[in-house]
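According to my numbering, the residues represented by the sequence shown are 1053 to 1479, in order.
The structure appears below as structure tokens.
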Amino acid sequence: MNINRAVSPPRYLLPEMEILPSKTIHLKNGIPLLILHNENQKIIRFDIRLMAGSYFQHKKTIALMTAKSLFEGTAYRDRSNIFSAIDFQGAYMNSTVNKDVASFSIYMPKQAAQIIFEIIKEVFLFANFPEKEISLIKEQRKQVLRVNLEKTSFLAFQAFSKEAFPNHPYGFSTEVEDYDNINRDDLLEFFRKFYVSGNIRLFIAGDINENIVNSLEQTLGEIPQKERIEFFDFSLKQGLISKTTISKPSAMQSSICIGKPLFNRKHRDWMKLNLLNMILGGYFGSRLMSDIREKRGLAYGIHSRMVSYQKSGAFYVHADVNKDKTAEAIDAVYDNFRNLQNSSVLKEELDLVKNYYSGILLRYFDGVFSLLDRYIESNDYSLSINYWLDFLKTIKNTQEDELQLLAQKYLDPSSMIEVVVGGGDKS
């Protein structure tokens, strides 16, 4: 069979999403529990989320170290005992910490739920953060950071965040010595302030019956009622338009980061601007990839992205480029901004990207665990699950002239922060 690769594949109207409904209850201590029931899914996913990200720490690395050390020991068990018990039940756990949220995801067989919940209860009541384990985790994290600090791409985004969010937790960067500036008492204090019932949200998906819910009531429902201590709310200052060059002579390439602080997913322009971002640099066939990587051969990789935080958000373009072509690559990025400002997107291109983006959104709902991610993302911003239906509808209905207006509003080259890290030829 011969395939004409010069001809685009046919485009189809994608069906509307059908979303499995959830149920939310509150445990007897007030902790909210979102339940997503699917009787065919015998593995259970259980998520614990707390507003305890780096935004809330009074010293750098405390939020991350608290989460990573939480299951390292209690007043009754050491690390080996805790993780042996989890492993024996066939369960798996990971933790993540971002700017706003600390989260723990546990996957377990249904029959292991009671025992796993008992372990979690013990940890949240009696975690004791052993010095030995804290020291080991510190060394592991420092080594990870040392490796990252050698990467021009890591340094570029770090510098961009600092410029976009000056004197704000969203812009703070971590140095290796920051791990040495915290101790066990710092972690205990953070734990007592933020790992409390009034700051916990629970999410569970799988074959969830009454026995599972009762097990949660008997375990995490027993955590004493306590509200999170009020926290100082940092004011956001507008990032100054700036150009920053960080020399790294040993680098074989330069990394560039061009962007600006914007807003989060609750803003009225978020959905349409995401569509514009997809056209610009959000997928392999995007304009930045086609022009700067494939046509001009200036970048090894290039993309644009929008990020959402609780208090703000950002748009940026990131590229790894030949260090002798840095200035040319930056100018090419701005050329693509101006093209979107000065000319409407052709209907054929818009239809292709709409179809692609709609497919991504539909895949977000493929399976009960992926669906739980969407419920969690919505819940983080106090949005209903219908947010995603609105997103799909907005993508389908956005017109060419609307995207041009958004480009004129948000993609002005003179409004951008510009960072170059490496052996760049632009200062």
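Glycine included, each C-beta is placed from N, C-alpha and C at the ideal position.
Backbone secondary structure at residue i - three-state DSSP
i       : result
ASN1391 : helix
LYS1295 : strand
GLU1470 : strand
TYR1144 : strand
SER1213 : helix
TYR1352 : strand
LYS1461 : helix
MET1160 : strand
VAL1405 : helix
ARG1236 : helix
TYR1368 : strand
SER1479 : Annotation note: pLDDT 44 at SER1479 (below 50); position unreliable, coordinate value reported separately. SER1479: coil per DSSP, three-state reduction.
ILE1114 : helix
ASP1321 : coil
PHE1101 : Sequence check: residue 1101 is Arg here, not Phe. In this structure, ARG1101 counts as strand in the three-state DSSP scheme.
PHE1246 : helix
ILE1071 : coil
LYS1173 : helix
LEU1398 : coil
LEU1201 : coil
LEU1268 : helix
ILE1331 : helix
Buried versus exposed, by CB contacts within 10 Å (16 or more), residue i
i       : result
PRO1276 : exposed
ALA1127 : exposed
ARG1198 : exposed
HIS1355 : buried
GLU1124 : buried
LYS1094 : exposed
LEU1343 : Residue identity check: residue 1343 is Asp in the sequence provided, not Leu. Classification of ASP1343: buried, given that the 10 Å Cβ count is 16 or more.
VAL1397 : buried
ILE1281 : exposed
ASP1152 : buried
VAL1248 : buried
PRO1061 : In this predicted model, PRO1061 has a pLDDT of only 49, less than 50, meaning its place in the structure is not dependable enough to derive any value.
LYS1075 : exposed
ILE1096 : buried
VAL1149 : buried
ASN1326 : buried
Of the residues the options, the one placed nearest residue i, counting alpha carbons only
i       : options                               : result
ASN1219 : TYR1107, GLY1349 and PHE1243          : TYR1107
ASP1321 : MET1341, ASN1233, GLU1279 and ALA1366 : ALA1366
ARG1348 : MET1358, GLN1393, ALA1384 and GLY1334 : ALA1384
LYS1312 : VAL1369, ALA1351, ASN1233 and ASP1453 : VAL1369
ILE1264 : TYR1386, PRO1301, HIS1089 and ARG1280 : HIS1089
ILE1100 : LEU1086, PRO1221, GLY1223 and GLN1460 : LEU1086
ILE1331 : LYS1363, ILE1447, PHE1217 and VAL1248 : ILE1447
LEU1444 : TYR1409, GLU1274 and ALA1459          : TYR1409
ILE1071 : MET1468, ALA1459 and ARG1415          : ARG1415
ARG1244 : ASP1418, GLN1109 and ASN1388          : GLN1109
MET1103 : ASN1316, ILE1252, PHE1389 and LEU1314 : ILE1252
LEU1314 : SER1467, GLY1250 and SER1121          : SER1467
GLN1460 : ASN1391, ASP1425, LYS1406 and ILE1168 : ASN1391
GLN1192 : ASP1152, VAL1228 and PRO1221          : VAL1228
THR1271 : GLU1262, ILE1167, LYS1363 and LEU1458 : ILE1167
ILE1171 : LEU1458, PRO1465, SER1136 and LEU1327 : SER1136
PHE1217 : LYS1289, GLY1273, GLU1274 and PHE1246 : LYS1289
SER1360 : PHE1286, SER1395, HIS1319 and GLU1380 : HIS1319
GLY1353 : TYR1222, GLU1262, GLY1419 and MET1341 : MET1341
DSSP bridge partner residues for residue i (one or two, in chain order)
i       : result
GLN1305 : ASN1374
SER1360 : GLY1365
SER1422 : Paired residue(s): none; SER1422 is not in a bridge.
VAL1149 : ALA1154
PRO1221 : Paired residue(s): none; PRO1221 is not in a bridge.
ASP1130 : GLY1125
THR1076 : LEU1086
ARG1339 : Beta-bridge pairing links ARG1339 to no other residue.
PRO1182 : Per DSSP, none; premise fails for PRO1182.
LEU1254 : LEU1085 and ILE1100
Closer than 8 Å to chain B by CB, residue i
i       : result
ILE1310 : The displayed structure is made up of one protein chain only, and chain B is not part of it.
Three Cβ pairs or more, each shorter than 8 Å: is that satisfied between the segment 1074-1087 and the segment 1136-1150? no
Counting beta carbon pairs with one atom in the segment 1361-1381 and one in the segment 1297-1317, are three or more of them shorter than 8 Å? yes
Contact between the segment 1115-1130 and the segment 1159-1166: three or more CB pairs below 8 Å? no
Just checking, does the segment 1170-1186 make contact with the segment 1235-1246 on the three C-beta pairs under 8 Å criterion? yes
Contact between the segment 1462-1478 and the segment 1205-1219 is defined here as three or more beta-carbon pairs at a separation below 8 Å; is this criterion met? yes
Would you check if there are 3 or more beta carbon pairs closer than 8 Å linking the segment 1428-1440 to the segment 1163-1176? no
Inspect the CB distances between the segment 1256-1265 and the segment 1194-1203 and report whether three or more fall short of 8 Å. no
State whether the segment 1329-1348 contacts the segment 1217-1234, with contact taken as three or more CB pairs (one from each stretch) at a distance under 8 Å. no
Could you check whether the segment 1446-1466 touches the segment 1392-1410, counting it as contact only if at least three pairs of C-beta atoms, one from each stretch, sit closer than 8 Å? yes
Tell me whether the segment 1348-1358 and the segment 1420-1439 touch, counting them as touching only if at least three CB pairs, one residue from each stretch, are closer than 8 Å. no
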